[in-house]
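Student: Going down the list, the protein sequences come from chains A and B.
Going by this note's numbering, the letters in the first sequence line up with residues 1 to 735, in that order.
Going by this note's numbering, the letters in the second sequence line up with residues 736 to 886, in that order.
Glycine is no exception: its CB is placed at the ideal position from the N, C-alpha and C atoms.
My questions will all concern the structure given below.
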Amino acid sequence: MGCGVSKSNQFHKQDTKAIKAAVLIQHWYRQYVARMEMKRRYTWNIFQSLEYSGEQAQIKLYNFLGYLMDNFTPSSNERNLISHFFRENEVCRDSEWERFFCYKNIEVPEIYSGPHLTFPLTVEQVTGLVDALRNKRQLHSRYVLQLLLETWKMLRMLPNISRISTCQSKEITVCGDLHGQLEDLLLIFYKNGMPSLERPYVFNGDFVDRGRDSIEILLILFSFLLLYPNDVHLNRGNHEDHIVNLRYGFTKEVLTKYKMHGKRILKLLQKLFSWLPLATVIDQKVLVLHGGISDTTDLCVLARVDRHKYVSALRPPKKRHPSATSLSLDSEDDGWTSSRRRASVTSHRPLTRGTFQNLSLQDFSDRVKLPADEQAEARRRLLSSACGQSQKELGGVAGPAAGAPQDSAEDSDSAEAEWKQILDLLWSDPMTQDGCVPNEVRGGGCYWGPDVTEDFLSRHHLLLIIRSHECKQEGYEFCHNRKVLTLFSASNYYDVGSNRGAYVKLGPDLVPYLIQYQASSMTRQLTVRQSVGRTEHSALRVLRKQLFSHKSDLTCAFQELDKENTGLLSLNDWATAVESVMHLGLPWRTLRHQLATKDCDGKVNYLHWFTELAIKEPNMDHIEQGLLETLYRHRSTLETIFRIVDTDNSGLITMEDFRQTWKLLSVYLKMEFTEEAISDLAVAIDSNRDGSIDIHEFMEAFRLTDKQSRLECGRSMFMGTATDLTRLETEDPDV
Amino acid sequence: MRSADHRRINDAFQVFDHDLNNTVDVREMGAIVRSLGCFPTEAELLDIIDEVEEPTGFICFERFLPTMSKILMEHKFSPIPEDMLLMAFEVLDQQKKGYLESDELTNYMRHGDEPFSQQEIEEMMSSAVGPDSNAVHYKDFVNKMVLDGQT
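Below, the structure written as structure tokens:
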């Protein structure tokens, strides 16, 4: 367009003018894009800070309960309550264990139209299963149990670290977090092909939680593992942990989909998860693991640990009785009950792989009293701790400390070190600075720097670490001088349009070839502009609710700064106060315009601001404000405790348990709730006065009315996925 | 006034300071500067970056602050008002149809000292072109975009 030689003067003038106009439009458009990018970033920040603060709360609660468990005497009521939390132990203690694997007496009714499985599985059966699950069919619980049993047998034969190799015709595909998003897994299969002898896969953990199809993902992955044990590799993620599942939805999903046998399925999975391999090494050069490393990570140590001891990686296994360590009867406990079980089994054969079925499960099941030495141990800890238990209660513990073993400090140190290896592997994130610091944002694992990566890789003669664990907008991200690749395969994780998913292919040259995708059909119709707007909107909605549920604390913080009691605060003071209460590390000043619109001379009218947050509270006038706020703010924690208390998974808890739960919560939060206030709360919801409380109804009644967000308590689950099958199942005879 | 600027700069910077160590990646510069209401061209942006970049590819807040304060004080790279923008579209719409063919607009965007990349063109067209036509009704388009930018 710049050539005007043959054109008339007038035309040339027109031309220059047009170019000027075009340049102006270009400028304007670029400034617009920059502004959108800015929005996208802070939206991302909001989602991520809220997600991590949830994880932190979970770990804190767990540590708190663990502390109570360790420090309360066995006779106290609370211990009884809390011990539900660690009910994994029951699996090994009593004869239930045998029942859990028994699927034979579960009849499959003739009207069942879902897939049928026979073992060993065939390719046709597995593809049939994938098709059925794609079409929202449910696999019958009999087959689920059978599949889990077979998988368990398989997993037990696998080493902690799988070592695999590429070759010309066999590129290896690695997938990151799937988080129950079946649509993403199916899209990967569609684009890349299903696993087969020619198409090996590594799935890098976090198969479950958050999404609505976690169990379906597990069934598919396990089936392919059984079909191609040498070509399908599953690494454990931090969400393959039943404690984490309590909060993030997987427990709820299984119980909803399998009303009759859900509890058994969960117990088996608890066990299965602990047998998942920890890492995969490709061609001795590329390490694939879920979270990452720390400055102490040592693959030689990891190769040797008894990984199944860590039923939940959040808690170190209890110290073993020194004399018991020689007994290798360690197939199904987490160490928590090991000493007590060992005391009960007088003779046994060492368990070798494959002989398990021959072993009578009854051998494991004798229930014995707490051995004296464990009691003494508990007592010693009690004495040295500042728990505040009275001596009287102590008197209730029988037996002198005579039999207490002399655990060497060395022993406990190495147990602690071993646990840390696993925790770091599952929970860590990379950072840009050098060094290695505890991951306080998530509450578990650590942050490691480029120097740690460098040192680790050279020590192990490796080239690259592929890890997952963090959602990335593009589905992947390189860091540490391209020596660390983060891979995340759940697209639209925070909301439709929030992020893409990715997987990577590795051939013999080990150069990562990345493929990105976005699963939702909706995103295809949205322009960048629309999807940024949408995501932003939902992030702000979640954030507004968070702010609202901290109303009292915020008001206090505001009033403290508003010395003259004008009701107005400068923007700066407002932002300082908000951060001092929320601790989310967000750029509040920038966000202010998104969170409230009213402005008087650049000042914030903070009293008015709460009404602007525009959140409708449930109409609960007679209930104490403080209690309500606690409820809103800690609803995930509260729901987690409810689920713990609800030992029979009925969804109902008694009034007494309800009170206990609040008592526990009040100790945990160091807050006081009056008996009356709690009673009011209970009465408000127990409308038929039958003395029991429906957990789900309770949580629903106290939801801040704004659309449900997945960050708060998982997505609205199972809509339309629990088919008629669940109804069929209830007619099944229970075992 | 000055300290208000300081805070604004700090806020914009913080959004991209992922590790909370007062540094940002050099690639974030454009977004930061623009979020402060300054709209330099790519070339001008590179000049700013040259002035503040560390050899490591990062930008430290300490070096960024004085440069950016100066830009704000001098009201450099100020934003384009809506009416001017509409006038620009009208200039391109020589027949005064009230819209531009998407090819027409695309063609214009490929010109100038900093022509649009293919990606920029595609992105712009995806939000500018109506679903059923091949035309850019620029008045609607501008309104829509201005609205987005505000919230």
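Based on the DSSP secondary-structure assignment, which residues constitute the bridge partners of A/Ile751?
Tutor: Residue 751 of chain A lies beyond the stretch modelled for chain A, which goes from 1 to 735, so this question has no answer here.
Student: Quick one: which chain B residues come within Cβ less than 7 Å of A/Val311?
Tutor: Here residue 311 of chain A refers to the residue found at position 311 of the first sequence. Within chain B, no residue comes near A/Val311; the closest Cβ sits about 34 Å away, beyond 7 Å.
Student: Measuring only the C-alpha atoms, how far is A/Leu272 from A/Thr432?
Tutor: Start at 1 with the first residue of the first sequence, and residue 272 of chain A comes out as number 272. Start at 1 with the first residue of the first sequence, and residue 432 of chain A comes out as number 432. Going from the Cα of A/Leu272 to the Cα of A/Thr432 covers about 35 Å.
Student: Quick one: using the 10 Å Cβ neighbour count with 16 as the cut-off for buried, is B/Gln829 buried or exposed?
Tutor: If you number the second sequence from 1, residue 829 of chain B lands on position 94. That one is exposed.
Student: So which residues on chain A does B/Leu827 lean against when the C-beta distance must stay under 9 Å?
Tutor: Here the question's residue 827 of chain B lines up with position 92 in the second sequence. Within 9 Å Cβ-Cβ: Ala18, Ala21, Ala22 and Ile25.
Student: List the endpoints of the continuous alpha helix (DSSP H) containing A/Ser141.
Tutor: Here residue 141 of chain A refers to the residue found at position 141 of the first sequence. Per DSSP, A/Ser141 belongs to the alpha helix (DSSP H) from Ser141 to Leu155.
Student: From the DSSP output, in three-state form, read off A/Tyr447 for me.
Tutor: Translated into positions along the first sequence, residue 447 of chain A becomes position 447. A/Tyr447 carries a strand assignment under DSSP once its states are collapsed to helix, strand and coil.
Student: Run through the stretch 535-604 of chain A for me and flag every whole alpha helix (DSSP H) of 4 or more residues, listed as ranges in chain order.
Tutor: 551-561, 571-582 and 588-595
Student: Which full runs of the beta strand (DSSP E) of 3+ residues lie inside the stretch 243-321 of chain A, going along the chain?
Tutor: Correct list: 279-282 and 286-289.
Student: Starting from A/Glu418, find everything on chain B with Cβ-Cβ shorter than 9 Å and list it in chain order.
Tutor: For the purposes of this step, residue 418 of chain A is identified with residue 418 of the first sequence, where counting begins at 1. Result: empty, since nearest Cβ-Cβ is about 30 Å, beyond 9 Å.
Student: Any residues in the stretch 28-54 of chain A with a beta carbon nearer than 8 Å to a beta carbon of chain B? Which ones, in chain order?
Tutor: Here the close residues are Trp28, Tyr29, Arg30, Gln31, Tyr32, Val33, Ala34, Arg35, Met36, Glu37, Met38, Arg41, Tyr42 and Asn45.
Student: Can you tell me whether A/Ser489 is buried or exposed, with buried defined as 16 or more other CB within 10 angstroms of its CB?
Tutor: Numbered from 1 along the first sequence, position 489 holds the residue referred to as residue 489 of chain A. Classification for A/Ser489: buried.
Student: Using C-beta distances below 6 Å, list every residue in its chain close to B/Phe876, excluding the 5 sequence neighbours before and after it, in chain order.
Tutor: Translated into positions along the second sequence, residue 876 of chain B becomes position 141. Within the same chain, B/Phe876 has close Cβ partners Ala863.
Student: So, is the C-beta of A/Met431 closer than 8 Å to a C-beta in chain B?
Tutor: Stepping through the first sequence from its first residue, residue 431 of chain A is reached at position 431. Cβ-Cβ to chain B under 8 Å: yes for A/Met431.
Student: Between the stretch 136-155 of chain A and the stretch 256-272 of chain A, do three or more beta carbon pairs fall short of 8 Å?
Tutor: yes
Student: With distances taken from CA atoms, which of A/Asp283, A/Phe558 and A/Tyr42 is nearest A/Ile161?
Tutor: Against the first sequence, residue 161 of chain A aligns to sequence position 161. Nearest option by C-alpha distance: A/Asp283.
Student: Can you tell me whether A/Ser428 is buried or exposed, with buried defined as 16 or more other CB within 10 angstroms of its CB?
Tutor: Here residue 428 of chain A corresponds to residue number 428 of the first sequence, with the count starting at 1. Counting C-beta atoms within 10 angstroms of its own C-beta, A/Ser428 has 16 or more neighbours from the protein chains shown and is therefore classed as buried.
Student: Can you give me the Cβ contacts of B/His872 inside the same chain, cut-off strictly under 8 Å, excluding the 5 residues immediately before and after it?
Tutor: As a position in the second sequence, residue 872 of chain B is number 137, starting the count at 1. Result list for B/His872: Gly833, Tyr834 and Gly865, in chain order.
Student: Rounded to the nearest angstrom, what separates A/Glu418 and B/Phe774 at their Cα positions?
Tutor: As a first step, residue 418 of chain A must be located in the first sequence, where it is residue number 418. As a first step, residue 774 of chain B must be located in the second sequence, where it is residue number 39. Looking at the two C-alpha atoms, the distance is approximately 54 Å.
Student: Taking its Cβ as the centre, do 16 or more other Cβ atoms sit within 10 Å of A/Leu786, making it buried, or is it exposed?
Tutor: The structure shown does not extend to residue 786 of chain A, since chain A is modelled only from 1 through 735, so no value can be given for it.
Student: Would you grab the beta carbon distance between A/Val286 and A/Leu487 for me? Rounded to a whole angstrom, and I think it's under 8 Å.
Tutor: By one-based count along the first sequence, residue 286 of chain A stands at place 286. By one-based count along the first sequence, residue 487 of chain A stands at place 487. The pair is not a contact, with the Cβ atoms about 12 Å apart (cut-off 8 Å).
Student: Just to confirm, are A/Ser468 and A/Asp206 a CB contact at a threshold of 8 Å?
Tutor: Working through the first sequence from its first residue, we reach residue 468 of chain A at position 468. Working through the first sequence from its first residue, we reach residue 206 of chain A at position 206. Contact: yes.
Student: How long is the line joining the alpha carbons of A/Gln125 and A/His116, rounded to whole angstroms?
Tutor: Looking up residue 125 of chain A in the first sequence gives position 125. Looking up residue 116 of chain A in the first sequence gives position 116. A/Gln125 and A/His116: Cα-Cα distance of roughly 8 Å.
Student: Using the three-state DSSP reduction, which class does A/Asp15 fall into: helix, strand or coil?
Tutor: The residue labelled residue 15 of chain A in the question sits at position 15 within the first sequence. In the structure shown, A/Asp15 sits in a helix (DSSP, three-state: H, G or I).
Student: Using 8 Å as the limit for Cβ to Cβ distance, is B/Thr776 near chain A?
Tutor: Taking the second sequence and counting its residues from 1, one reaches residue 776 of chain B at position 41. By this cut-off, B/Thr776 is an interface position.
Student: Using the Cα positions of A/Thr118 and A/Lys252, report the straight-line distance between them to the nearest angstrom.
Tutor: Against the first sequence, residue 118 of chain A aligns to sequence position 118. Against the first sequence, residue 252 of chain A aligns to sequence position 252. Cα to Cα, A/Thr118 sits roughly 28 Å from A/Lys252.
Student: Kindly say whether B/Pro762, judged by its beta-carbon, lies nearer than 8 Å to any beta-carbon of chain A.
Tutor: Sequence index remark: in the second sequence, residue 762 of chain B carries index 27 (1-based). Before going further, note that residue 762 of chain B is Arg rather than Pro in the sequence given. So no, B/Arg762 is outside the interface.
Student: DSSP three-state call for A/Ser360: helix, strand or coil?
Tutor: Here residue 360 of chain A corresponds to residue number 360 of the first sequence, with the count starting at 1. For A/Ser360, the predicted structure reports a pLDDT of 27, less than 50, and the residue's modelled location is therefore unreliable. The matter cannot be settled from this model.
Student: If I measure Cβ to Cβ from A/Ile641 and keep anything under 7 Å in the same chain, skipping five residues before and after, which residues do I get?
Tutor: In the first sequence, counting from the first residue as 1, residue 641 of chain A sits at position 641. Answer for A/Ile641: Thr661, Leu664 and Leu665, listed in chain order.
Student: Can you tell me whether B/Ala870 is helix, strand or coil according to DSSP?
Tutor: Start at 1 with the first residue of the second sequence, and residue 870 of chain B comes out as number 135. In this structure, B/Ala870 counts as strand in the three-state DSSP scheme.
Student: Within this structure, are the beta carbons of A/Leu178 and A/Ile215 separated by less than 8 Å?
Tutor: Along the first sequence, one-based indexing puts residue 178 of chain A at 178. Along the first sequence, one-based indexing puts residue 215 of chain A at 215. In this structure, A/Ile215 does not lie closer than 8 Å to A/Leu178 by Cβ.
Student: Beta-carbon within less than 6 Å of A/Tyr143's beta-carbon, same chain only, minus the 5 sequence neighbours each way: which residues are those?
Tutor: Counted from its first residue, the first sequence places residue 143 of chain A at position 143. Excluding sequence neighbours, A/Tyr143 sits near Leu117.
Student: Which residues in chain B have a C-beta closer than 7 Å to the C-beta of A/Asp587? List them in chain order.
Tutor: Here residue 587 of chain A is taken as the residue at index 587 of the first sequence, counted from 1. Rather than Asp, the amino acid found at residue 587 of chain A in this sequence is Pro. Neighbours of A/Pro587 on chain B, chain order: Asp746, Gln749 and Val750.
Student: How about the stretch 579-587 of chain A and the stretch 740-759 of chain B: do they share at least three Cβ pairs that are nearer than 8 Å?
Tutor: yes
Student: Alpha carbon to alpha carbon, how far is A/Asn230 from A/Glu171?
Tutor: As a first step, residue 230 of chain A is located in the first sequence; it is residue number 230 there, counting from the start. As a first step, residue 171 of chain A is located in the first sequence; it is residue number 171 there, counting from the start. So the alpha carbons of these two residues sit roughly 14 Å apart.
Student: Between B/Ser804 and the rest of its own chain, which residues show a CB-CB distance below 6 Å, the 5 nearest in sequence each way excluded?
Tutor: Here the question's residue 804 of chain B lines up with position 69 in the second sequence. If we look at B/Ser804 and ignore the five residues flanking it on each side, its Cβ neighbours are Asp740.
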